[in-house]
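Residue numbering for the sequence shown is 124 to 503, as defined by our numbering. No residue lacks a Cβ here, since even glycine has one placed at the ideal position from N, Cα and C.
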Amino acid sequence: MDLMTRTEFEELVGEGDGTRVSLFAPTHRVSGAKARDEDRIRWKNLVTAVEETLRSDGFGASDVAEMMAPAWDLHGDALAWSHMAEGLAMFLRPGWHATYRVPLDLPELAAVGPGFVLSPLLPLLADRNYVVLTLSQRRVRVLRGSRDRIGELELPSVPTAFEDVFEADGPQSDSVPRPNASGRSAAGGAVYYGSSSLDNAHKEEVVEFFREVAKGVESHLAGRTIPMILAGLPEWVAVYREIGSYPHLLAESIDRNPDDMSDDDLRVAAWDLVSARLDAETMKLRDRFNEQQAHGSGALGADRVLTMANEGRVDTLLMTSHGCYSNGTGRPEVVLPLRDREDLCGLADAAARATLRFGGSVRMLDDLPGGAPVAALLRY
């Protein structure tokens, strides 16, 4: 699963000469052979549809083959289809491509045009997803979640248990662990403390362990703005807060032993915290937009917002969370953005690219005034 950074989005927002192809497909995160085969067939059909579109646009056979080669390479990589997330996105231009496995329900959609289509991935920038870090004597885990799903991230740099950092000396039930000379794991089972409270002797080892955890987690999240939620007994959470430095760590936490919680329990508890934060931010954004629109510094409507965005005037772009390019048709669909000036989705997506290109932010709301697909808070 890929946690896209703002920098990675910015690599996709440039406009220039040449055609750009955007590919989106739903995939199975955990699947058997049948589901993997279905994903590969869906991908094959989508890539084939794009090639037909490119040929109809006048591209020669060799140019089409060169442009779409990375998509076919992925199709032929059987191992890759065993390690997907909920959605797959690929962006191609002559001589360059990028691929992302994302925790989003994506449409079966391709776009061919002057810029990459970003709308299906923009929820990744809108802080509607979150990371849960479970703090436990038995196991540390990092999970990525949303309102409807949660799944564990595999982060080799994050120690998952005390024995990854310490070795036990004496009975495990009450042992005080000692650091390995190598700093890594030694033979033996998990190390447990005899009680949930942390005395000074134990706290020193807990701090050392959590310092290694924080180093791995924050290295992976560097450059990202996704909220992180701690789940653990209050004393463990308090220790981690003393040493963690991730700037988007939520002040609220799940103050329970995560060993006693299922993944779905963690999802429900985390979403309660995230949704309350989102509701408060949404209210502020709506109030701010209404105030700025009344004073002439709020823009509504795709055409006007795109003009403002291209001039670098958009501070915050507001888009509907279930709007353009979000649902799909259940079959391969190729769209041609901006071929028609009445293409509201193409205009809204172009406004998002321009906003990001000039350092603005994008936020997703359930709806906008007058049913508009996009609105903007202007810098001036």
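Item, Value
"Going by DSSP, what residue range makes up the beta strand (DSSP E) through residue 214?", "210-216"
"Exposed or buried, residue 238, counting other C-beta atoms within 10 Å across all chains shown (16 or more means buried)?", "buried"
"Determine the extent of the beta strand (DSSP E) in which residue 266 is found, giving its start and end residues.", "264-268"
"Quick check on this structure: which residue in 184, 130, 240 and 245 has the alpha carbon closest to the alpha carbon of residue 138?", "240"
"Taking only the alpha-carbon atoms, compute the straight-line gap between residue 485 and residue 475 and give it to the nearest angstrom.", "7 Å"
"How long is the line joining the alpha carbons of residue 233 and residue 278, rounded to whole angstroms?", "31 Å"
"Use the C-beta contact count for residue 377: other C-beta atoms within 10 angstroms, 16 or more gives buried, fewer gives exposed.", "buried"
"Between the alpha carbons of residue 315 and residue 206, how many angstroms are there, rounded?", "Confidence at residue 315 is low in this model, with a pLDDT of 37, below 50, so its placement is unreliable and the value that follows should be read with caution. Going by the C-alpha atoms only, they are around 33 Å apart."
"In chain order, what residues of the same chain have a beta carbon less than 6 Å from the beta carbon of residue 433, not counting five sequence neighbours either side?", "477"
"Grouping DSSP H, G and I as helix and E and B as strand, with all else coil, what is residue 325?", "helix"
"From the DSSP output, read off the bridge partner residues of residue 232.", "147 and 456"
"Return yes when the Cβ of residue 255 is within less than 8 Å of the Cβ of residue 393, no when it is not.", "yes"
"Can you tell me whether residue 296 is helix, strand or coil according to DSSP?", "Confidence at residue 296 is low in this model, with a pLDDT of 34, below 50, so the placement of that residue is unreliable and no value is reported for it."
"Which class does residue 498 belong to by DSSP, given the choice of helix, strand or coil?", "strand"
"Determine the burial state of residue 347: buried for a count of at least 16 other Cβ atoms within 10 Å of its Cβ, exposed for fewer.", "buried"
"Distance, Cα to Cα, residue 369 vs residue 479?", "23 Å"
"Using only the alpha-carbon positions, how far apart do residue 336 and residue 371 sit?", "16 Å"
"Name the two residues that bound the continuous beta strand (DSSP E) containing residue 242.", "Residue 242 -> no beta strand (DSSP E), and no H or E assigned at all."
"Looking at the secondary structure, which residues open and close the alpha helix (DSSP H) in which residue 366 lies?", "357-366"
"Out of 456, 453, 439 and 179, which one is the CA nearest neighbour of residue 488?", "439"
"From what residue to what residue does the beta strand (DSSP E) around residue 195 run?", "It is not in any beta strand (DSSP E) - residue 195 instead sits in the alpha helix (DSSP H) that spans 184-199."
"If we count Cβ pairs, one from each stretch, closer than 8 Å, do we get three or more for the region 241-252 versus the region 215-227?", "yes"
"Are residue 453 and residue 286 closer than 8 Å when you measure CB to CB?", "no"
"Can you pull the DSSP bridge partners for residue 421?", "500"
"Mind checking which residues open and close the beta strand (DSSP E) that includes residue 484?", "484-488"
"Among 419, 153 and 200, which has the Cα closest to the Cα of residue 276?", "153"
"Residue 410: buried (16+ other C-beta within 10 angstroms of its C-beta) or exposed?", "exposed"
"I think residue 235 touches residue 177, with their Cβ atoms under 8 Å apart; what is that distance to the nearest whole Å?", "7 Å"
"List the endpoints of the continuous beta strand (DSSP E) containing residue 275.", "273-275"
"For residue 462, count neighbouring Cβ atoms within 10 angstroms of its own Cβ and tell me buried if that reaches 16, exposed if not.", "exposed"
"Work out the CA separation of residue 251 and residue 398 for me, nearest whole Å.", "8 Å"
"What does the Cβ neighbour count give for residue 200, buried or exposed, with the cut at 16 atoms within 10 Å?", "exposed"
"Using only the alpha-carbon positions, how far apart do residue 413 and residue 407 sit?", "10 Å"
"Take residue 166 and list the residues in its own chain whose beta-carbon comes closer than 6 Å to its own, dropping the five residues that flank it on each side.", "148 and 198"
"Would you kindly work out how many angstroms separate the C-alpha atoms of residue 354 and residue 360, rounded to a whole number?", "7 Å"
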